[in-house]
Amino acid sequence: MKIHSFNIVNFKVDGGAMFGVVPKILWNKVYPADENNLIPLALRSMVVDTGARVVLIDNGIGDKQDEKFFSHISMFGGEGLVQGLANRGYKPEDITDVILTHLHYDHCGGGVKLKPDGTPALTFPNAKYHISRAQWEWAINPNSRESDSFLPENILPMRDLGALNLIEKEVELIPDVFLRIFNGHTRGQIIPIISYKGKTIVFVADLFPFRAHLPLPYIMSYDVEPLITLKEKETFLEEVLKGDYIFHYQHDHYSECSRVHKTPRGIRATEGFTFDTLLKEFDE
Ligand SMILES: [Zn+2]
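Residue numbering for the sequence shown follows our numbering, beginning at 295 and increasing consecutively.
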């Protein structure tokens, strides 16, 4: 198995929304906000290449929306989706499986593109797109709090073009690629867990968007059921500590990975390290 990670793009969101009830004076030292109170977020994807299958985890924002939409999220930098794959030797046609943690615009928008005539096409024409059934049903009948994040042009073509595979329950989708399901951020968020060279890597998506989100009260305002997030974090962190799992952060602009350790105040992240450092550790 080979694993890769790359940052598709950075974008900006309201810093307060990322930290919920936590006062700015605590988070602003580590995640400094700009004059509009925005902070940068990375938008990483992982590739898991088993030899038989090439799995892409999440695929960024895409480019189907209008100028007004993009002006709100101030995108900058990153490798791009197709270019990031190309930089690692993959063409869109090589991808056999797309795992979507959930269907908020920043996680699934790159999977559908528009042809010159304006009709939708799959960015990864040979891939099955895996989504939890709970998230699918949640997203196609969105509540008004999340509806700005569930964009029909990102979502419905996956079904209409025959790419959809709905995940009913937690499963080992492909050997050594496990899908876990969490419900606090949004209903049916998939968290992929990869067994790699005897270690366990968790693509923590929006369960722990930043390394700073390990303390239990650090919960995004976006989460639809924060008390469920709280419980899910608490239970999962015990498992992560016991198993010495490695977290790979999708959104943390400053830290790509960390482990966790026990401190007098609870389970916290270790110092951050890069994905390349992680790969080197495996080679030793
Ligand atoms: Zn997100």
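Where a beta carbon is used, it is the ideal one built from N, C-alpha and C, also for glycine. Predicted model only: the values in this text are computed from it and were never measured.
Residue j beta carbon less than 8 angstroms from that of residue i
{"i": "GLY537", "j": "SER549", "result": "no"}
{"i": "GLY405", "j": "VAL303", "result": "no"}
{"i": "PHE305", "j": "ASP442", "result": "no"}
{"i": "ASP470", "j": "LYS422", "result": "no"}
{"i": "ARG562", "j": "LEU508", "result": "yes"}
{"i": "ILE434", "j": "LEU460", "result": "no"}
{"i": "PRO546", "j": "ALA336", "result": "One point to set straight first is that residue 546 is Asp, not Pro, in the sequence displayed. Cβ atoms of ASP546 and ALA336: closer than 8 angstroms."}
{"i": "THR568", "j": "VAL554", "result": "no"}
Residues of its chain near residue i, where Cβ-Cβ distance is below 8 angstroms and the 5 sequence neighbours each way are ignored
{"i": "GLY297", "result": "What sits at residue 297 in the sequence shown is Ile, not Gly. MET340, VAL341, VAL342, ASP343, ILE488, TYR490, ILE495, LEU573, listed in sequence order."}
{"i": "ASN448", "result": "GLY356, LYS358, LEU397, TYR399, CYS402, GLY403, GLY405, VAL406"}
Coarse secondary structure for residue i, derived from DSSP in three states
{"i": "LYS493", "result": "strand"}
{"i": "THR557", "result": "strand"}
{"i": "LEU501", "result": "coil"}
{"i": "ASP400", "result": "helix"}
{"i": "HIS542", "result": "strand"}
{"i": "PHE418", "result": "coil"}
{"i": "HIS260", "result": "No answer is possible for residue 260: the residues shown for the chain start at 295 and end at 578."}
{"i": "LYS296", "result": "strand"}
{"i": "LEU572", "result": "helix"}
{"i": "LYS525", "result": "helix"}
Chain-order list of residues whose beta-carbon lies under 7 angstroms from that of residue i (same chain, five-residue window excluded)
{"i": "PHE476", "result": "GLN483, ILE485, LEU501, GLU526"}
{"i": "GLY478", "result": "ASP517, GLU519, PRO520, ILE522, THR523, GLU526"}
{"i": "LYS409", "result": "ALA415"}
Proximity test, Cβ basis, 8 angstroms: residue i and chain D
{"i": "LYS422", "result": "In the structure shown, chain D cannot be found, because there is only a single protein chain."}
Residues near residue i in its chain [Cβ-Cβ closer than 6 angstroms; skip 5 each side]
{"i": "LEU467", "result": "LEU473"}
{"i": "PHE497", "result": "MET340, ILE351, PRO486, HIS542"}
{"i": "ILE513", "result": "GLY314, PRO520, THR523"}
{"i": "PHE300", "result": "GLU373, GLY378"}
Cβ-Cβ separation, residue j to residue i (assumed contact under 8 angstroms), whole Å
{"i": "PHE444", "j": "HIS398", "result": "7 angstroms"}
{"i": "ASP308", "j": "LEU332", "result": "6 angstroms"}
{"i": "ASP388", "j": "VAL324", "result": "Actually they do not touch by this definition, with Cβ atoms about 38 angstroms apart."}
{"i": "THR417", "j": "PRO386", "result": "6 angstroms"}
{"i": "GLY403", "j": "GLY356", "result": "3 angstroms"}
Check: residue i C-beta below 7 angstroms from any heavy atom of ligand 3
{"i": "HIS401", "result": "The model depicted lacks ligand 3 and carries ligand 1 instead."}
Notebook entry, point to check: Can you list, in chain order, the stretches of the beta strand (DSSP E) that have 3 or more residues and sit fully within the segment 307 to 349?
Noted result: 332 to 335, 338 to 343
Check: In chain order, which continuous runs of the alpha helix (DSSP H) of length 4 or greater are located wholly inside the segment 422 to 497?
Finding: 427 to 434, 446 to 454
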